[in-house]
Amino acid sequence: MDPILYATPGNPIPGNPVTGFFTGYRGAQLRYAVFRSDASVAKGTVVLLHGRNEAIEKYFETIRDLNQRGLWVATYDFRGQGGSQRLLKNTRKGHVHRFSDYVRDLEIFLEQIVLPDARLPFFLLAHSTGGLIALSAAPRLANRIDRMVLTAPFIGLGGQKLSPKNIHRIVTLATFTGLGRICLTSDDPTKPYDDNPLTSDPLRYQRNVDILKAHPQLALGPPTARWLYEAQETIRRVSSPKHLASITVPTVIIAPGNDPIVPFHYQEKLSQYFRAGQLVPVPGAMHEVLQERDRYRAQALAAFDAFIPGGDPQPETGAANDAPQLPES
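For the working numbering, count along the sequence shown from 1 and bump the result up by 757.
The following block contains the structure:
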């Protein structure tokens, strides 16, 4: 496998990143990249976690925005997607053995890539499935991550013909009868803009489609029954008041108001029991708020700017800086 990043027209690679592979849990080879800011004083590092069926390339615009703010960005493709090692012979299937494998990969990434080489303090920006991974890992992140921003975290599933309970019954049966690798739906990541559930911005949507058309090896198909079972079990666990009470990392949840994939009411309900979390609605925005029209995307970035960075900036040399700490938001 090649750790190269892929530029496409209108989506250039930000700066001169360091790229490579790290060995995740149980030997999975995961593609990563670290994007350094040109700012003379680094304000910290954002660990960026994507959604399902996403790759580093989709976030070049957001990475550039963060670099311009003086923040480094460290990111990687999840196991089974993007430029990382696929888990099944049919590489189009979105699969995972255990959802906790994602959490272990994140912990390895922090220990082996971020902590040794990136700039303090460390923040986490996670979208959708990345948000669910962050919530699952959060009780153990208090000494490593200063603050988290979650955009449309995957804590509920909307827009399906079947109810969540019926979906759970089906995927549970499939998982425990040896059919966990089957896919219950079909999808096309390069389908036209009309009626897409992700964004109301046709230009950004087409840019992301063009990435997958030019580099189809980055694309992924529908999730397997096992993936859905593991995700639903994780959603149930992280949504419990006990788990949410165990999270001490200050967190902002940016919740799109017109999200058909993770409907707003799921995110609103989560925030009611999340003492370390604060809900920031973005009325009218669809699921991929960082891929949305400027009017919505700007609101999400404004919420990010108001919350991060929340600590002392660190010079490129690694020496401490005497700048005062920002007040708590």
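Positions of the beta carbon are idealized from the N, C-alpha and C atoms, including for glycine.
key: Cβ-based burial, Gln1082 [other Cβ within 10 Å; buried from 16]   = As a working mapping, residue 1082 is identified with position 325 in the sequence shown. Residue confidence is low: Gln1082 scores 36 on pLDDT, short of 50, so the model does not pin down where it sits. Its coordinate-derived value is still stated next. Burial call: exposed.
inquiry  = By alpha-carbon positions, which one of Gly784, Ile870, Leu930, Asp967 ends up nearest to Thr802?
reply    = Residue numbering aside, residue 802 sits at position 45 when the sequence shown is read from its first letter. Comparing Cα positions, the closest option is Ile870.
request  = Specify, as a first and last residue, the run of the alpha helix (DSSP H) that Leu863 falls within.
outcome  = Residue mapping note: residue 863 aligns to position 106 of the sequence shown, counting from 1. Counting along the chain, the alpha helix (DSSP H) containing Leu863 begins and ends at 857-866.
message = Rounded to the nearest angstrom, what separates Leu849 and Leu969 at their Cα positions?
response = As a position in the sequence shown, residue 849 is number 92, starting the count at 1. As a position in the sequence shown, residue 969 is number 212, starting the count at 1. Correcting the residue type first, residue 849 is Arg in the shown sequence and not Leu. Each residue's Cα considered, the two are about 13 angstroms apart.
ask   = Using DSSP with H/G/I as helix, E/B as strand and the rest coil, what is Ile968?
value = Here the question's residue 968 lines up with position 211 in the sequence shown. Note: Ile968 maps to helix in three-state DSSP.
query = Exposed or buried, Gly1075, counting other C-beta atoms within 10 Å across all chains shown (16 or more means buried)?
reply = For the purposes of this step, residue 1075 is taken as residue 318 along the sequence shown, with counting starting at 1. Low confidence applies here, because Gly1075 scores a pLDDT of 40, under 50, leaving its location unreliable and the question unanswered by this model.
query = Within 10 angstroms of its Cβ, does Arg926 collect 16 or more other Cβ (buried), or is it exposed?
reply = Against the sequence shown, residue 926 aligns to sequence position 169. So Arg926 ends up on the exposed side.
message = For the region 902-920 against the region 838-847, do three or more pairs of beta-carbon atoms, one drawn from each stretch, fall closer than 8 angstroms, so that the two count as touching?
response = no
query = Which whole-angstrom value is the C-beta distance of Thr908 and Ala1057, which I expect to be below 8 angstroms?
reply = Residue mapping note: residue 908 aligns to position 151 of the sequence shown, counting from 1. Residue mapping note: residue 1057 aligns to position 300 of the sequence shown, counting from 1. Right, their Cβ atoms sit about 6 angstroms apart.
query = Between Glu1045 and the rest of its own chain, which residues show a CB-CB distance below 7 angstroms, the 5 nearest in sequence each way excluded?
reply = Reading the sequence shown from its first residue, position 288 is the one you call residue 1045. Here the set comprises Leu955, Thr956.
Per-residue DSSP class, three states only, for Tyr763 = Reading the sequence shown from its first residue, position 6 is the one you call residue 763. Reduced to three states, the DSSP call for Tyr763 is coil.
key: Given 8 angstroms, three or more beta-carbon pairs between the region 891-903 and the region 810-818   = no
key: CA nearest to the CA of Gly1014, picked from Ala790, Lys948, Pro1038, Leu762   = What you label residue 1014 is simply residue 257 of the sequence shown in a count that begins at 1. If we check each option's Cα against that of Gly1014, Pro1038 comes out closest.
task = Answer with buried or exposed for Thr942, where buried requires no fewer than 16 other C-beta atoms within 10 angstroms of its C-beta.
result = Working through the sequence shown from its first residue, we reach residue 942 at position 185. When all chains shown are included, Thr942 counts as exposed.
query = Under three-state DSSP, which class holds Arg938?
reply = Here the question's residue 938 lines up with position 181 in the sequence shown. Three-state DSSP puts Arg938 in coil, outside helix and strand.
request  = Classify Thr947 as buried or exposed, calling it buried when 16 or more other Cβ atoms lie within 10 Å of its own Cβ.
outcome  = As a working mapping, residue 947 is identified with position 190 in the sequence shown. Classification for Thr947: exposed.
ask   = Quick one: any contact between the region 1004-1024 and the region 959-978, if contact means 3 or more CB pairs under 8 angstroms?
value = no
key: Boundaries (first-last residue) of the beta strand (DSSP E) holding Ile1010   = Taking the first residue of the sequence shown as position 1, residue 1010 is located at position 253. Looking at the DSSP string, the run of the beta strand (DSSP E) that includes Ile1010 is 1008-1013.
message = Between Pro949, Met905, Thr886, which has its C-alpha nearest Glu987's C-alpha?
response = On the sequence shown, position 230 is the one that residue 987 refers to. Glu987 has its Cα closest to that of Thr886, out of Pro949, Met905, Thr886.
task = Mind reading off the beta-carbon distance from Arg964 to Gly808? Whole number of angstroms is fine, and I expect it under 8 angstroms.
result = For the purposes of this step, residue 964 is identified with residue 207 of the sequence shown, where counting begins at 1. For the purposes of this step, residue 808 is identified with residue 51 of the sequence shown, where counting begins at 1. With 8 angstroms as the limit, Arg964 and Gly808 do not qualify as a contact, their Cβ atoms being about 16 angstroms apart.
ask   = For Thr802, which three-state DSSP category applies?
value = Within the sequence shown, the letter at position 45 stands for residue 802. The answer is strand: DSSP assigns Thr802 an E or B state.
query = Counting pairs of Cβ atoms below 8 angstroms between the region 1018-1035 and the region 1046-1053, do you hit three or more?
reply = no
query = Taking the alpha-carbon positions, what's the Arg1050 to Gly935 distance?
reply = Against the sequence shown, residue 1050 aligns to sequence position 293. Against the sequence shown, residue 935 aligns to sequence position 178. Cα to Cα, Arg1050 sits roughly 43 angstroms from Gly935.
inquiry  = Between which residues of its own chain and Pro774 is the CB-CB distance below 8 angstroms, once the five residues before and five after are set aside?
reply    = The count along the sequence shown starts at 1 and reaches residue 774 at position 17. So the list reads Leu762, Ala790, Val791, Phe792, Arg793, once near-sequence residues are dropped.
task = Check whether the Cβ atoms of Gly913 and Arg983 lie closer than 7 angstroms to each other.
result = The residue you call residue 913 lines up with position 156 of the sequence shown. The residue you call residue 983 lines up with position 226 of the sequence shown. No. Outside cutoff.
Secondary structure, beta strand (DSSP E): runs of 3+ residues fully inside the region 809-864 = 828-833
message = If I measure Cβ to Cβ from Asp1079 and keep anything under 6 angstroms in the same chain, skipping five residues before and after, which residues do I get?
response = By one-based count along the sequence shown, residue 1079 stands at place 322. With a pLDDT of 36 at Asp1079, under the threshold of 50, the predicted position of this residue should be treated as unreliable, though the coordinate-derived value follows. Counting only Cβ-Cβ distances below 6 angstroms, and skipping sequence neighbours, we find nothing.
ask   = Leaving out five residues before and five after Arg994 in sequence, what residues of the same chain have Cβ atoms less than 7 angstroms from its Cβ?
value = Your numbering for residue 994 matches position 237 in the sequence shown. Cβ within range, chain order: His1000.
query = Going straight from the alpha carbon of Gln989 to that of Phe779, what length do you get?
reply = In the sequence shown, counting from the first residue as 1, residue 989 sits at position 232. In the sequence shown, counting from the first residue as 1, residue 779 sits at position 22. The alpha-carbon atoms of Gln989 and Phe779 are separated by roughly 28 angstroms.
ask   = For Ile1065 versus Leu1036, is the C-beta distance shorter than 7 angstroms?
value = Here residue 1065 is taken as the residue at index 308 of the sequence shown, counted from 1. Here residue 1036 is taken as the residue at index 279 of the sequence shown, counted from 1. In this structure, Leu1036 does not lie closer than 7 angstroms to Ile1065 by Cβ.
query = What's the gap between the Cα of Gly827 and the Cα of Pro769?
reply = In the sequence shown, counting from the first residue as 1, residue 827 sits at position 70. In the sequence shown, counting from the first residue as 1, residue 769 sits at position 12. Approximately 19 angstroms, taken between the alpha carbons.
key: Own chain, CB closer than 6 angstroms to Leu985, minus 5 neighbours either side, in chain order   = Here residue 985 corresponds to residue number 228 of the sequence shown, with the count starting at 1. Correct list, in chain order: Val928.
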